[in-house]
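Quick note: the sequence shown uses this note's numbering, first residue 164, plus one each step. Backbone N, C-alpha and C define an ideal beta-carbon position, used for all residues, glycine too.
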Amino acid sequence: MTRRLSWLALCATLATAALLIWPAPREALDWQPTLAVSQPWRALTAAFVHWTPIHLAANLAGCAVLALLGWRARLGWRETTAALLALPLTQAGLLLKPELQRYAGLSGELHGLVAIAALTLLTRPGRERLVGAGIALGLAAKLALEHPLGPALRATAGFDFPVAPFAHLCGALAGALAWGLTMRFNDKSARSPHGT
Numbered sequence: 164m165t166r167r168l169s170w171l172a173l174c175a176t177l178a179t180a181a182l183l184i185w186p187a188p189r190e191a192l193d194w195q196p197t198l199a200v201s202q203p204w205r206a207l208t209a210a211f212v213h214w215t216p217i218h219l220a221a222n223l224a225g226c227a228v229l230a231l232l233g234w235r236a237r238l239g240w241r242e243t244t245a246a247l248l249a250l251p252l253t254q255a256g257l258l259l260k261p262e263l264q265r266y267a268g269l270s271g272e273l274h275g276l277v278a279i280a281a282l283t284l285l286t287r288p289g290r291e292r293l294v295g296a297g298i299a300l301g302l303a304a305k306l307a308l309e310h311p312l313g314p315a316l317r318a319t320a321g322f323d324f325p326v327a328p329f330a331h332l333c334g335a336l337a338g339a340l341a342w343g344l345t346m347r348f349n350d351k352s353a354r355s356p357h358g359t
């Protein structure tokens, strides 16, 4: 698989898993902090559960947009590795908001992918750095406007399900953390033994 195809495969896998889980019973797979220890699979399966067709369609559209962004930005193995690491980190972050009694959807992970793409582009010269800065600023503004530290769930015009802004914040922070860990590890392995 070529370098660029890894990101596309990741986005396709996220979308496919969401579609495959769609008919499954949501109550057995969604995030419920009270069941985190006795049913740990929910930490991952919840990302692929969606409450309504609009919820599913919105996250599938997000997967498509991020696949296109990743292709155009030439995101590869390192960014894909960061995205894979961001998924459990995003879900673990939900423990910090115990009043979020139920959660489902890919939106947290998708915010992580946006953060990973933005940070990668910020490390590049010229126009790509400007695009990365624009994406990072847009993500920061979106998160701030959502008030993620406020109520656990928020009604949003156009959606027939409540949005969990804290999950978006968890995803963005998890993506940034995973990106930092992944890029730092790769930088050490690529560094010259002569210190130059």
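| Check | Outcome |
| --- | --- |
| Reference P311, options L257, V277, L273, closest by Cα | L257 |
| Cβ neighbours of V326 in the same chain (closer than 8 Å, five flanking residues each side left out) | S270, E309, L316, R317, A318, T319 |
| N-terminal and C-terminal residue of the alpha helix (DSSP H) that H274 is part of | 270 to 285 |
| Classification of R205 by the beta-carbon crowding that lies within 10 angstroms, buried from 16 upward | buried |
| Same chain only: Cβ atoms within 6 Å of V277, ignoring 5 sequence neighbours per side | L302 |
| Proximal residues to W185 (C-beta, below 8 Å), its chain only, five neighbours per side dropped | H213, L219 |
| Residue of E291, R287, A246, W240 minimising C-alpha distance to A339 | A246 |
| Which listed residue (V200, R265, G343, T243) has its alpha carbon closest to that of L273 | T243 |
| Residues that DSSP places opposite E317 in a beta bridge | According to the sequence provided, residue 317 is Arg. The question's Glu does not apply to it. DSSP lists V326 as partners of R317. |
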